[in-house]
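Here is the structure we will look at.
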Amino acid sequence: MALSDLNPVERNEEGIAAVLGILKQRLGERFQTGQAIRSQHAHTTTYIPTQAPDGVAFPETTAEVQDIVRACAAHRVPVIAFGVGSSLEGHTNAPGGGISVDTSRMNRILAVNPQDLDCTVEPGVTREDLNRHLRDTGLFFPIDPGANASLGGMAATRASGTNAVRYGTMRENVLSLTAVMADGETVTTGKRAKKSSAGYDLTRLLVGSEGTLGIITSLTLKLQGIPQAISGGVCPFPSVEAACNAVIATIQMGIPVARIELVNALQMRAMKTYSKLDYPESPCLFVEFHGSDAGVAEQAETFGMIAEENGGGPFLWTSVAEERTKLWKARHDAYWSSLTLRPGAKGLSTDVCVPISRFAECVTETEADITEMGLIAPIVGHAGDGNFHVLVLMDVNDPKEIALSEKFVARLNMRAIAMDGTCTGEHGIGQGKIGFLRSELGHGVDIMRTIKQALDPLDIMNPGKILPGAGH
Ligand SMILES: Cc1cc2nc3c(=O)[nH]c(=O)nc-3n(C[C@H](O)[C@H](O)[C@H](O)COP(=O)(O)OP(=O)(O)OC[C@H]3O[C@@H](n4cnc5c(N)ncnc54)[C@H](O)[C@@H]3O)c2cc1C
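Heads up, the sequence shown is in UniProt numbering, so the first residue is 1 and it goes up one at a time.
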């Protein structure tokens, strides 16, 4: 079954025409209907076909978001929230047309409360903008997906990144949020208290809901103190299995690594050329420690011993900021560097996550599968969480390659689920992973559908995403 057929959404031509007129009048130049801007708001970074919305709105306030949602509800037209469009599973596509709500003009930092280690921001603030703003406060926001994503988009996809092993994901770092729901009313899901037992956890219902329940218009986020000392480095291993076993031992021993990232030999080749890294072309772990001077030195030493016991090393580490920045820039650019391994190809990024004890098994079986299927597909991973990405490089004009890649991804997702893991550790379901949700969560999917129907009975909030269509 083609992805675009999986969850078809019927177009409501009459309703769409009415909403286009209303929003043009309400927002003027801040409502755009040009072909280029519409396509840009549905691009998917992968091979999933672009399904453009009919118009793109640029609200500046919660009240404007409410007006947009109310107009769409009145005429039964889809509303698709948009951050920076870096999601990877067709999340911002508009299979039934409708209105893309671009939050880039809602980019104010509303409050920073250093004493409480929290801040409140609008959804269009990006993670890098926030950290630039915080630079002189001694605080930082740790969640770092490879793209400079919006904080609204990151909350909506329950994103994470290299620091999640130490600081958690968006699930742990959103204290509360305000969202415009499908009827146009706003809900604020909590206060700024660090803990709360007040009823159902609406914050975590909306975090990860991919714009299918409401549009987030502000978020209160936890912040962290910038550590006194940071050290890190790269450690080569003779095999991916040896590297994974070193990760498992590090986590099981409770070493509080801040980052521990797996990069396989093929990905190292790409990074050596693209990011000018001078390390062996073998599987490597990129590691970072946060703490006091003595603490990070001790952690680095213990990790070096674990690496050696697993046949790895030498572990070369540094506290020099410029050298560390170069390493992590290379790691964050892994997606772009891997594309140089096959010029002209597009990348399909997977993100399974398994319990840490199954990590080595899952990665080695996957590497064997890549070889058996004759794919070019480097691997990088947030290894400390048992989460890894395979980037399948494929010719998107060749249906046979697409079919082969989809077969590989299906096998990978089902392998992770069979190991008590998930088909998506951080990217979300969007359109691309709908087919795996039932295998992973069973009856949980029906409960999700009940929630969706209760909160969005007209199915206008990002329809065709997350939940399988009738009969699945
Ligand atoms: C090179 C690269 C590397 C990446 N690395 C990582 C990684 O390490 N970890 C990771 O987690 N992800 C990663 N991603 C995926 C992506 O960056 C994340 O999914 C990110 O959280 C998406 O944010 P965005 O602003 O781009 O959202 P968009 O793509 O614009 O939207 C994503 C989803 O969120 C919804 N949404 C957006 N804003 C709102 C809002 N205000 N209210 C409600 N719903 C909203 C949209 O409707 C859509 O369903 C990577 C992507 C790329 C291209």
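C-beta: ideal position from N, C-alpha, C; glycine also.
Exercise for the section: Could you pull the start and end residues of the beta strand (DSSP E) that M181 belongs to? Expected result: 174-181
Exercise for the section: Per DSSP, which residues does C284 bridge with? Please list them. Expected result: P236, V263.
Practice task
Could you tell me the distance, in whole angstroms, from the CA atom of G347 to the CA atom of Q252?
Solution key: 33 angstroms
Problem - Between the CA atoms of P95 and S4 - distance to the nearest angstrom - result: Its pLDDT being 45, under 50, S4 is placed unreliably in this model, and the value from its coordinates should be taken loosely. S4 and P95: Cα-Cα distance of roughly 8 angstroms.
Handout entry: Neighbourhood of T137 by C-beta, 7 angstroms cutoff - its chain only, sequence neighbours within 5 removed
Key = V112, P114
Handout entry: S218: first and last residue of the uninterrupted beta strand (DSSP E) it sits in
Key = Looking at the DSSP string, the run of the beta strand (DSSP E) that includes S218 is 214-222.
Handout entry: Helix, strand or coil at L23 according to DSSP, with G and I counted as helix
Key = helix
Handout entry: Stretch pair the region 71-78 + the region 6-24: three plus CB contacts closer than 8 angstroms
Key = yes
Handout entry: Stretch pair the region 40-49 + the region 343-360: three plus CB contacts closer than 8 angstroms
Key = yes
Problem - Paired residues, beta bridge with Q32 - DSSP - result: Answer is V56.
Exercise for the section: Check I16 in the structure and name its three-state DSSP category. Expected result: helix
Handout entry: Beta-bridge pairing of A321 - partner residues as DSSP gives them
Key = Paired residue(s): none; A321 is not in a bridge.
Practice task
Drop a sphere of 10 angstroms on the beta-carbon of V296, count the other beta-carbons inside from all chains shown, and report buried for 16 or more, exposed for fewer.
Solution key: buried
Practice task
Reducing DSSP to helix, strand and coil, say where T157 ends up.
Solution key: Secondary structure at T157: helix, using DSSP grouped into helix, strand and coil.
Practice task
With DSSP as the reference, label S4 as helix, strand or coil.
Solution key: Low local confidence applies: a pLDDT of 45 at S4 is under 50, so the model's placement there is unreliable, with the coordinate-based value given in what follows. Taken through DSSP and simplified to helix, strand or coil, S4 comes out as helix.
Problem - Coil, strand or helix - H133 by DSSP - result: helix
Practice task
Below 7 angstroms CB to CB, which residues in the same chain sit around A149 once its five sequence neighbours on both sides are set aside?
Solution key: G83, V84, S86, T126, R127, A159
Handout entry: Where the beta strand (DSSP E) containing N387 begins and where it ends
Key = Unbroken beta strand (DSSP E) run through N387: 387-394.
Handout entry: I451, enclosing alpha helix (DSSP H) - first and last residue
Key = 444-455
Handout entry: Best match in Q25, Q224, T366, G161 for proximity to L117 [C-alpha to C-alpha]
Key = Restricting attention to Q25, Q224, T366, G161, the CA atom closest to the CA of L117 is found in Q224.
Handout entry: Unbroken alpha helix (DSSP H) run spanning L339, endpoints
Key = 334-339
Handout entry: Collapsed DSSP secondary structure at M305 in the structure displayed
Key = helix
Exercise for the section: My understanding is that L262 touches A368, with C-beta atoms under 8 angstroms, so please give their C-beta distance in whole angstroms. Expected result: Not confirmed; about 16 angstroms, so no contact.
Problem - Proximity to S357 [Cα-Cα], best of G168, L375, Q299, G421 - result: G421
Exercise for the section: Inspect the beta-carbon positions of I68 and V56 and report whether they are closer than 7 angstroms. Expected result: no
Problem - Buried/exposed call for T325, threshold 16 Cβ in 10 Å - result: exposed
Practice task
Inspect the beta-carbon positions of L151 and V121 and report whether they are closer than 7 angstroms.
Solution key: yes
Exercise for the section: With a 10 Å radius around its C-beta and 16 neighbouring C-beta atoms as the bar for buried, classify V240 as buried or exposed. Expected result: buried
Exercise for the section: Grab the span of the beta strand (DSSP E) containing G381 for me, first residue to last. Expected result: 379-382
Exercise for the section: To the nearest angstrom, report how far apart D459 and G211 are at their CA atoms. Expected result: Using only the alpha carbons, I get a separation of about 11 angstroms.
Practice task
With a cut-off of 8 angstroms on the beta carbons, I'd call F31 and R105 a contact; round off their distance for me.
Solution key: Actually they do not touch by this definition, with Cβ atoms about 12 angstroms apart.
Practice task
Could you check if H427 is buried or exposed, using at least 16 other CB atoms within 10 Å of its CB as the buried criterion?
Solution key: buried
Practice task
Have a look at A42, T103, A193, E172 and flag the residue whose alpha-carbon is nearest the alpha-carbon of Q66.
Solution key: T103
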